[in-house]
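Visitor: From first to last, the protein sequence lines stand for chains D, S, E and B.
Each residue of the first sequence is one higher than the one before, counting from 3 in my numbering.
Each residue of the second sequence is one higher than the one before, counting from 3 in my numbering.
Each residue of the third sequence is one higher than the one before, counting from 3 in my numbering.
Each residue of the fourth sequence is one higher than the one before, counting from 3 in my numbering.
Don't be surprised by glycine CBs; every beta carbon is placed ideally from N, CA and C.
There are 4 protein chains.
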Amino acid sequence: MSTLKNHVQLIGNVGQDPQITNLESGKKVARFSLANNEFYKNEKGEKIQNTEWHTIVAWGKNAEIIEKYAGKGKEIGVAGKLKSRSYEDKDGVKRYVTEVEANEILLLGVKNGGSQ
Amino acid sequence: MSTLKNHVQLIGNVGQDPQITNLESGKKVARFSLANNEFYKNEKGEKIQNTEWHTIVAWGKNAEIIEKYAGKGKEIGVAGKLKSRSYEDKDGVKRYVTEVEANEILLLGVKNGGSQ
Amino acid sequence: MSTLKNHVQLIGNVGQDPQITNLESGKKVARFSLANNEFYKNEKGEKIQNTEWHTIVAWGKNAEIIEKYAGKGKEIGVAGKLKSRSYEDKDGVKRYVTEVEANEILLLGVKNGGSQ
Amino acid sequence: MSTLKNHVQLIGNVGQDPQITNLESGKKVARFSLANNEFYKNEKGEKIQNTEWHTIVAWGKNAEIIEKYAGKGKEIGVAGKLKSRSYEDKDGVKRYVTEVEANEILLLGVKNGGSQ
DNA sequence: TTTT
DNA sequence: TTTT
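1) List the residues of chain D that S:S88 touches, going by C-beta distances under 9 Å, in chain order.
2) Excluding five sequence neighbours on each side, which residues of the same chain lie with their C-beta closer than 7 Å to the C-beta of B:V95?
3) Are the beta-carbon atoms belonging to E:G62 and E:K85 less than 8 Å from one another?
4) Let me see if you follow: with CB-CB separation under 8 Å, is S:I67 close to chain E or not?
5) Quick check on B:G62: does DSSP put it in helix, strand or coil?
6) Between S:N52 and the rest of its own chain, which residues show a CB-CB distance below 6 Å, the 5 nearest in sequence each way excluded?
7) Which of helix, strand or coil does DSSP assign to S:E26?
8) Assuming S:I22 contacts S:A32 (C-beta within less than 8 Å), just tell me the rounded distance between them.
9) What distance in whole Å lies between the Cβ atoms of E:L108 and S:G111, which are believed to be in contact at a cut-off of 8 Å?
10) State the start and end residues of the unbroken beta strand (DSSP E) segment that holds E:N44.
11) Return the CA-CA distance between D:L25 and D:V80, expressed in angstroms with no decimal places.
12) Of all the options B:S4, B:E103, B:E45 and B:S35, which has the alpha carbon lying nearest to the alpha carbon of B:E77?
13) Answer yes or no: does any C-beta atom of chain E fall closer than 8 Å to that of S:L1?
14) Name, please, each residue of chain D whose Cβ falls closer than 8 Å to the Cβ of S:V95.
15) Please identify, using Cβ separations under 8 Å, the residues of the region 12-43 of chain E that lie next to chain S, in order along the chain.
16) DSSP has B:T5 in a bridge; who is on the other side?
17) Of all the CB atoms in chain E, is at least one closer than 8 Å to the CB of B:K49?
18) Could you check whether the Cβ of S:K70 sits closer than 8 Å to any Cβ belonging to chain B?
19) Please state if the CB of B:V10 and the CB of B:V102 are separated by a distance shorter than 8 Å.
20) Give, in chain order, every unbroken run of the beta strand (DSSP E) that is at least 3 residues long and sits entirely within the region 73-107 of chain E.
21) Check whether the Cβ atoms of D:N8 and S:E54 lie closer than 8 Å to each other.
22) Please return the same chain residues whose Cβ sits closer than 6 Å to the Cβ of B:G14, not counting the five positions on each side in sequence.
23) Determine which residues share a DSSP beta bridge with E:Q11 and list them.
24) What number of angstroms, rounded off, separates the C-alpha of S:G82 from the C-alpha of D:V16?
25) Roughly how many whole angstroms lie between the Cα atoms of E:I68 and E:K74?
26) D:G62 versus chain E: which residues are under 9 Å apart at the beta carbon?
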């Protein structure tokens, strides 16, 4: 789907080592959380942190880049599409999840840029 | 939060008339679904439609624009931030929702441009 | 080059019928101006228009879409890369031009969306 | 002007120390070149570098961030608008320039995140 | 759960 | 040069 119709871009830190799944086809899937951190001072001058968490899914070549280079704590950029899907949890409750499907990964804070 | 760290842009059609809430402060909130439609032909040459649904929240001035001009079916553009939050549903089940908080609304397919 | 490193998105009106060039390879190139219009009222309450013009270049399939559907005045969306190049004009003066190379075209104000 | 109608985002390296101008109003303006580097291997397996240069202009608070933190070689992110203007050079030749007017600056490759 |  |  067109970038003009559905486009997400995020820059943040990987929360935990990505979970990598090897599909039967030989393709990989990476799933991980990405944190957007924001810092500000409140009226008392105390430093406050606000963190927004996102769920990212990457397939194929992007999953491989994630597996090799984007461990816990790494700063990366992600561009992709916003997607939602539903599933039943173990208690039979219908759950909805919204994920960012990554089309591009950019490694940051890496000597030499880390562009893909 | 910076557009570089968290940015979403969508162009699509409003699913149902937006739900408008008038806060005690006098501020409005609009909440609605936006559809990204994609059409393609399958191997049999049949036209297939695939729709991705997004939940949009708009505050203040943007909520007013939505209320006035963005009824069911209207084509609009939305730019904003990706945000997640949790709540307990009526059965006490913890639910997570991910929404796009609109910073900008652009009315499309409108004679007269409709730019804000 | 990655969308994260170089990304431009524009929505506006085509200024003149695009200039289409047929390359020897059979490929097409479309070149045209796109207008971003902005309206505001000055301190006297007069309606003022400010227009920003952009030069767009589209290749191949996108050039064909432009040729067929994006004549003078049409409202379209463009996503692509920012590129600069230099050439010598007829008086031997070195000139620099900056263009948006379109990766995607979205036809707007068209019944049925006009998505590519 | 709306992000939906005119939006540019770049991540790259500052080419030279930015040129800072102090306006009579006390406001600062920063002007600098930003490089998008791309590396690939040609058919002989040699590493080739392709660089796209962009001209960035930042005003006020963003100019101050640039002056303090974004010296030659620094990796930064820029989000803003695409703008063109014309002027006469010293030989009376009319020149056109296209610049990215930065609305946001994000310092990258910096211990401590560098978010604004 | 990251990062500062 | 578009559009409103």
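Guide: Put simply:
1) Those do not exist, as S:S88 stays about 11 Å from chain D at its closest Cβ, beyond 9 Å.
2) none
3) no
4) no
5) helix
6) E40
7) coil
8) 5 Å
9) Actually they do not touch by this definition, with Cβ atoms about 12 Å apart.
10) No beta strand (DSSP E) holds E:N44; DSSP gives it neither H nor E.
11) 22 Å
12) B:S35
13) Because chain S here runs from 3 to 118, residue 1 of chain S falls outside it and cannot be looked at.
14) V95
15) I13, N39, E40 and F41
16) Its beta-bridge partners do not exist; DSSP assigns none.
17) no
18) no
19) yes
20) 77-90
21) yes
22) L36, A37 and N38
23) E:A81 and B:H9
24) 22 Å
25) 10 Å
26) Within chain E, no residue comes near D:G62; the closest Cβ sits about 16 Å away, beyond 9 Å.
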